[in-house]
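Written below as structure tokens is the structure these notes are about.
Numbering (our numbering), first residue to last: 4 to 541.
Here it is in structure tokens:
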């Protein structure tokens, strides 16, 4: 029995896990992550699935633990090519179906709904969905049974004795799984450094009631759109505080629609539209908006910049009812500075109890070890520092073996002691417009060079003697010459003439011009721009 992560181990996001048994493969989750400034023009990153694409005939299915983007977001782009059925709980299936519909491939991908505690067989694997609490409805662990042993794949989870939506498995039910014997526990590592348990979703209501009840102006609450339990809580808070609710963000509209279809949010209050909300007294309005992670096109960013129909002004309040994801600090800070400049007050989870995490802290991890009692712990869903600390913590608490792996580490779990078999190639793909490209391919490398150094275009007509037949045309983009542009271009033109006079022929002539213009740019700016040259023979 083999385990291989193609995403989500050594990073937080883009979770893709493969289990191998007797030559067949089972995929668990297929998510995305979001781009950083090092990939200009790109918003979404996909996993490179070359490993399993090379073994496509041996892939038996894709099982989804829950509906967060870092677990299902890549399916609209990759599922059709993988060509196997998807297996998901009803709410997760609803979210996936919306995505497949938007890509026009819903009729080309088989999507099968599964119920908890009803095992089904995929090749040599028997899979059972085990409900666990998380910050989205129908979070599930998976019990994966094979001839070589049973794996408990936790997915994203927490312990919540009073969940707002759904009914997670009890301690007795989890202990019964452990009683049957578990070879390996693949376990969420996100909050391994947290000494306290994450806390119950139901406790957030009182904190939000207190903060929003004391506000005098409009209130905007931003949270993860997929956190349907938080949306349920916010609906209650709006009623508790006597405010009309307005929802801003297409992803929120989609989540509410899917949640209602799956039987959730039945008591969610009726909402008002943007125009009506702006006509109501400020004290009577509560906005729920996307964008708490600083996404530039989300509702909060547009409201903060004044480019949205909903407006905030001095004395209004924005509540960040979500955790700041590492890497988003700059983007979130930019929006918070805009809000501060407009006199808007802000409250985060550091100032009040307005958020609880959906991932387990150390007390919860310790309880899971006690119930499941695995022979091996394999930390997943975390950066390397999380995985390493999780392994150390688990062994301190009595787990006999822990395997720290990263994306590409092919691990044999059984038979015998767990061991590293090989390092398999892994990578990232980007969605650039409507095209999927390698993140480290020529297109993105060229774009990074242009973004970093600027670009110069040279067009010149050359006669049969190899001499200029007119003035060269030179254009710059992103090169820091500013007021000196005309002087720079004049010197660049002289450099073109000198290069052509050197007597170089054919391709060497074009390269001589490119190098001459680039040297001129270096002298003027210290930058080495991308230089494109077109010589036209006349």
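Idealized CB from N, CA, C, for every residue including glycine. This structure is a prediction, so every number in the text was calculated from the model and none was measured.
With 16 other Cβ atoms within 10 Å as the buried cut-off, status of residue i
{"i": "residue 465", "result": "buried"}
{"i": "residue 102", "result": "buried"}
{"i": "residue 204", "result": "buried"}
{"i": "residue 72", "result": "buried"}
{"i": "residue 385", "result": "buried"}
{"i": "residue 173", "result": "exposed"}
{"i": "residue 153", "result": "buried"}
{"i": "residue 515", "result": "buried"}
{"i": "residue 159", "result": "buried"}
{"i": "residue 424", "result": "exposed"}
{"i": "residue 438", "result": "exposed"}
{"i": "residue 64", "result": "buried"}
{"i": "residue 477", "result": "buried"}
{"i": "residue 139", "result": "buried"}
{"i": "residue 36", "result": "buried"}
{"i": "residue 175", "result": "exposed"}
{"i": "residue 398", "result": "exposed"}
{"i": "residue 435", "result": "buried"}
{"i": "residue 210", "result": "buried"}
{"i": "residue 361", "result": "buried"}
{"i": "residue 225", "result": "buried"}
Whether residue i touches residue j by CB criterion (8 angstroms)
{"i": "residue 453", "j": "residue 42", "result": "no"}
{"i": "residue 355", "j": "residue 214", "result": "yes"}
{"i": "residue 141", "j": "residue 169", "result": "yes"}
{"i": "residue 18", "j": "residue 39", "result": "no"}
{"i": "residue 342", "j": "residue 285", "result": "no"}
{"i": "residue 523", "j": "residue 494", "result": "yes"}
{"i": "residue 34", "j": "residue 77", "result": "yes"}
{"i": "residue 221", "j": "residue 319", "result": "yes"}
{"i": "residue 405", "j": "residue 151", "result": "no"}
{"i": "residue 367", "j": "residue 162", "result": "yes"}
{"i": "residue 409", "j": "residue 387", "result": "yes"}
{"i": "residue 463", "j": "residue 538", "result": "yes"}
{"i": "residue 480", "j": "residue 458", "result": "yes"}
{"i": "residue 6", "j": "residue 428", "result": "no"}
{"i": "residue 303", "j": "residue 338", "result": "yes"}
{"i": "residue 24", "j": "residue 127", "result": "yes"}
{"i": "residue 359", "j": "residue 207", "result": "yes"}
{"i": "residue 377", "j": "residue 402", "result": "yes"}
{"i": "residue 8", "j": "residue 250", "result": "no"}
{"i": "residue 288", "j": "residue 237", "result": "no"}
{"i": "residue 261", "j": "residue 155", "result": "no"}
N-terminal and C-terminal residue of the alpha helix (DSSP H) that residue i is part of
{"i": "residue 278", "result": "277-282"}
{"i": "residue 95", "result": "93-105"}
{"i": "residue 513", "result": "509-528"}
{"i": "residue 446", "result": "445-456"}
{"i": "residue 181", "result": "174-182"}
{"i": "residue 491", "result": "488-503"}
{"i": "residue 256", "result": "253-264"}
{"i": "residue 350", "result": "Residue 350 -> not in any alpha helix (DSSP H); beta strand (DSSP E) instead, spanning 348-350."}
{"i": "residue 307", "result": "302-308"}
Residue span of the beta strand (DSSP E) that contains residue i, given as start and end
{"i": "residue 5", "result": "5-10"}
{"i": "residue 197", "result": "Premise fails: residue 197 is in no beta strand (DSSP E) and is neither H nor E."}
{"i": "residue 290", "result": "288-292"}
{"i": "residue 131", "result": "128-134"}
{"i": "residue 479", "result": "476-480"}
{"i": "residue 339", "result": "Counting along the chain, residue 339 falls outside any beta strand (DSSP E), though it belongs to the alpha helix (DSSP H) covering 332-344."}
{"i": "residue 431", "result": "431-435"}
{"i": "residue 147", "result": "143-149"}
{"i": "residue 439", "result": "438-441"}
{"i": "residue 540", "result": "533-540"}
{"i": "residue 467", "result": "Neither: residue 467 is in no beta strand (DSSP E) and is coded neither H nor E."}
{"i": "residue 311", "result": "Per DSSP, residue 311 belongs to no beta strand (DSSP E) and is neither H nor E."}
{"i": "residue 320", "result": "320-323"}
{"i": "residue 152", "result": "152-156"}
{"i": "residue 326", "result": "Unbroken run through residue 326: none, as it is neither H nor E."}
{"i": "residue 123", "result": "123-125"}
{"i": "residue 115", "result": "114-116"}
{"i": "residue 551", "result": "One cannot answer for residue 551 here, as it falls past the ends of the chain, which runs 4 to 541."}
Proximity test, residue i beta-carbon vs the ligand PLP heavy atom, cut-off 7 angstroms
{"i": "residue 213", "result": "Looking at this structure, you won't find the ligand PLP or any other ligand, since it has none at all."}
Problem - the region 187-194 in contact with the region 388-398 per 3-pair CB rule at 8 angstroms - result: The region 187-194, when compared against the region 388-398, does touch it at the 8 angstroms Cβ threshold.
Handout entry: Ranges of the alpha helix (DSSP H) found wholly within the region 356-425, counting only runs of at least 4
Key = Segments of the alpha helix (DSSP H) lying fully in the region 356-425: 365-375, 387-399.
Exercise for the section: Decide if the region 315-325 is in contact with the region 286-302; the criterion is three or more beta carbon pairs, one per stretch, under 8 angstroms apart. Expected result: They touch, by the three-pair rule.
Exercise for the section: Report yes or no: do three or more beta-carbon pairs, one from the region 89-109 and one from the region 40-55, lie closer than 8 angstroms? Expected result: Result no; under three Cβ-Cβ pairs closer than 8 angstroms.
Practice task
Inspect the CB distances between the region 306-320 and the region 259-271 and report whether three or more fall short of 8 angstroms.
Solution key: Taking 8 angstroms as the limit for Cβ pairs, the verdict is that the region 259-271 does not touch the region 306-320.
Exercise for the section: Please confirm if the region 125-135 is in contact with the region 232-241, defined as three or more CB-CB distances below 8 angstroms between the two stretches. Expected result: No, the region 125-135 does not touch the region 232-241.
Practice task
Could you pull out every unbroken alpha helix (DSSP H) segment of at least 4 residues lying fully inside the region 25-79, listed in chain order?
Solution key: Segments of the alpha helix (DSSP H) lying fully in the region 25-79: 53-56, 72-75.
Handout entry: 3 or more residues per run - each beta strand (DSSP E) lying fully within the region 201-237
Key = List check, beta strand (DSSP E) in window: 222-225.
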